[in-house]
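These notes concern the structure reproduced below.
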Amino acid sequence: MAPGAKTEIVDVVAAKQEDPQPDLAEGQGTAPKDGIDLEMSHSEASEDLGKPTEQPPVRLMCLVMLSMFQGYASMVGPLQSAYKHRLGISTDGTAAAHAFTQAAVGVHYGKLIARLGHNVVFACLSPWTRVVIAMCFMFLGVTIPTFLVFTLGWDWVGSVFIAYMLSGLGLGIFEVTFLSVITPLGRATKAWAIVGCPMGFATINILGLTASSFGVEMVYIFYYILACLPIGLAIFCRLAPRGCSELKTANFSASLLQVRRWMPGMIPFFAAQFLSHFAMENWPAIFYMFHPPMVPLFDPHSEQHLMKWGQFFAVTYVFIFLGDSISRRIAIYMSTPSLRRRLAYLGVAMALIGIGLYLESLAIAIVIPVAIFLVFWGNGTIYGLTANHVDKHVPSEHNLASYSFWCFVGDLGAILGGILVDNTHDLFCRGHEGPFEC
């Protein structure tokens with residue numbers, strides 16, 4: 001065991017002697033130092049001892065996450081479709097359309113490379129500095145479509161790969177390091193911060209679709225996203241803790257050498273993350289199932305009971321936001337004292353995702369908002385449970401490594417989901433072809 005880890009354990013034991021907590025489980029303080037305690041880790045003991053002096057939430061951290069995930073939202077859904085249209089590429093079937101699709105997957109490859117790669121390339125930099133670099137990557141990625149394509153009129157499809165790869169690298173570095181950096185601010189701050197993800201998507205996809213229905217050009221939404229990133233960066237630089245004394249983050253190689261201290265308890269969360277990201281990134285199969293300008297609500301073969309395409313997906317994104325945001329807030333505060341309870345909650349979340357995927361396969365528009373609500377409720381629950389678990393059951397010096405591997409596995413699921421979009425679309429469309437569907 002590393003000397004620093006021994007010092008932390010001594011501190012925890014000393015704190016226990018000074019301020020005993022009656023609600024701690026019997027025998028919790030006597031666990032072997034080198035053993036794996038999946039029921040209650042030393043970091044959880046530290047957290048419980050610190051509850052009376054827990055810091056108030058820094059709610060503005062939500063805006064940091066929001067600014068980054070607004071950038072991510074520009075690479076999927078309506079803004080991706082607008083980017084494609086601006087390049088003069090038709091929806092389906094052409095070589096240019098295929099090239100665009102492959103280039104758009106660059107965001108997932110960028111995320112995958114960055115999840116673990118940042119621990120090698122930026123090994124000499126603190127997690128705080130890596131967050132700053134990540135936000136700069138996202139700014140550069142969003143700048144390409146905003147200025148070069150929408151403003152200056154470039155029509156080179158290669159710009160998609162460069163823009164999305166830069167943004168993916170930024171997002172991949174950001175998500176794992178940001179959560180690690182704000183851990184000292186307490187669970188309440190993290191609960192607010194993680195809601196910024198669904199809020200970012202909701203802002204762009206709901207308000208963006210609504211604005212476009214009133215004739216607002218998409219380029220102004222890109223400008224809005226670009227303007228928010230420096231604001232988010234300024235908030236982070238002002239409020240986020242920095243310095244090794246606060247973060248106590250182990251070197252990535254040291255975390256690998258001590259993998260038995262934190263990895264076994266993370267394995268169920270890896271599996272859940274893989275499934276949730278597969279389901280989310282496979283969502284475009286449903287998005288492309290319905291063709292503008294109308295959506296048939298009950299029968300794909302009918303031209304009755306129609307709803308405007310933009311209105312339908314605006315409503316759908318409201319369900320996505322509600323499912324993802326509410327579940328995150330609930331999950332991060334769930335009581336999970338035992339491994340059995342954590343696995344039970346994860347199992348329920350994964351079952352909800354499975355039910356949602358089945359409802360999507362019915363290809364009935366009126367059911368889609370409920371289906372996607374279940375998928376994103378499961379995703380938000382997994383996200384919140386993981387943040388809860390890492391805070392309580394993973395030694396603080398290994399937070400960065402645990403988040404890195406967790407997000408890396410999720411990106412594997414995302415890539416698989418993205419690759420299978422066309423296959424899922426064709427599977428769900430069998431027998432459901434109509435004037436506005438499939």
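Position one of the sequence shown corresponds to residue 1 (full-length UniProt numbering), numbered consecutively onward. Think of the CB as a built atom: it goes at the ideal place given N, C-alpha and C, for glycine as much as any other residue. Quantities reported herein were computed from a predicted structural model and do not represent experimental measurements.
- Shown here, Glu437 sits in a strand according to DSSP, grouped into three states.
- As for any alpha helix (DSSP H) of minimum length 4 sitting wholly inside the stretch 127–188, the runs are 127–143 and 158–181, ordered along the chain.
- For Pro78, there is no enclosing beta strand (DSSP E); the enclosing alpha helix (DSSP H) has its first and last residue at Gly77 to Arg86.
- Just measuring C-alpha positions, the residue of Tyr345, Trp156 and Pro241 sitting nearest Ala99 is Trp156.
- Gln70 counts as buried, since at least 16 other C-beta atoms from the protein chains shown sit within 10 angstroms of its C-beta.
- Taking Ala114 as reference, the option from Cys124, Ile173 and Cys136 with the minimal CA-CA separation is Ile173.
- Taking a contact as a CB-CB distance under 8 angstroms, the pair Tyr83 and Leu171 does not count as one, their CB atoms being some 17 angstroms apart.
- The three-state reading of DSSP puts Pro296 in strand, counting E and B together.
- Assignment of Phe312 by DSSP, reduced to helix, strand and coil, places it in the helix class.
- Thr94 counts as exposed, since fewer than 16 other beta carbons sit within 10 angstroms of its beta carbon.
- Non-local beta-carbon contacts of Ala163 in its own chain, meaning distances under 7 angstroms to residues more than five positions away in sequence, involve Gly141, Ile144 and Pro145 in chain order.
- Uninterrupted alpha helix (DSSP H) stretches at least 4 residues long and entirely within the stretch 384–431 occur at 399–419 and 421–429, given in chain order.
- DSSP links Met334 through a beta bridge to no other residue.
- Three or more pairs of CB atoms, one per stretch, sit closer than 8 angstroms, so the stretch 286–295 contacts the stretch 364–377.
- Note: Phe290 is bridge-paired with Glu437 in the DSSP secondary-structure output.
- Contact between the stretch 120–136 and the stretch 187–201 is not established, with fewer than three Cβ pairs separated by less than 8 angstroms.
- Of the candidates Met135, Thr177, Pro268 and Ala104, the residue whose Cα lies closest to the Cα of Leu339 is Pro268.
- Cβ atoms of Met334 and Leu275 stay farther apart than 8 angstroms, at about 19 angstroms.
- For Glu303, no alpha helix (DSSP H) segment is defined, and its DSSP state is neither H nor E.
- Met165 has its alpha-carbon roughly 5 angstroms from the corresponding atom of Gly110.
- The beta carbon of Glu281 lies closer than 6 angstroms to those of Ala414, Gly417 and Gly418 in the same chain, with the five residues before and after it left out.
- About 7 angstroms separates the beta carbons of Leu79 and Ile221, which is inside the 8 angstroms limit, making them a contact pair.
- In this structure, Met199 lies near Met65, with their beta-carbon atoms less than 9 angstroms apart.
- When C-alpha distances from Ala188 are compared across Met61, Val421 and Ser81, the shortest belongs to Met61.
- Per DSSP, reduced to three states, the secondary structure at Pro241 is coil, with no helix or strand assignment.
- The shortest C-alpha to C-alpha distance from Leu357 to any of Trp406, Ala344, Tyr224 and Asn379 is the one to Asn379.
- Separation of Pro57 and Gly310 (C-alpha to C-alpha, rounded to the nearest whole angstrom) is 36 angstroms.
- DSSP, read as helix, strand or coil, puts Gly215 in coil.
- For Gln258, there is no enclosing alpha helix (DSSP H), since its DSSP letter is neither H nor E.
- Counting only residues of its own chain and dropping the five nearest sequence neighbours on each side, Ile182 has a CB closer than 7 angstroms to the CB of Met61, Thr189, Lys190, Ala193 and Ala240.
- Taking a contact to require three or more Cβ pairs closer than 8 angstroms, the stretch 252–259 and the stretch 382–394 do not qualify as touching.
- In chain order, Ala191, Val195 and Gly384 place their CB closer than 8 angstroms to the CB of Arg329, counting only its own chain and leaving out the 5 sequence neighbours on each side.
- Taking 9 angstroms as the cut-off, the Cβ atoms of Ala285 and Ile353 do not count as close.
- In this structure, the straight-line span from the alpha carbon of Ala104 to that of Val348 is close to 32 angstroms.
- Rounded to the nearest whole angstrom, the CA to CA distance from Arg430 to Phe150 is 37 angstroms.
- In the structure shown, Thr94 adopts coil according to DSSP, grouped into three states.
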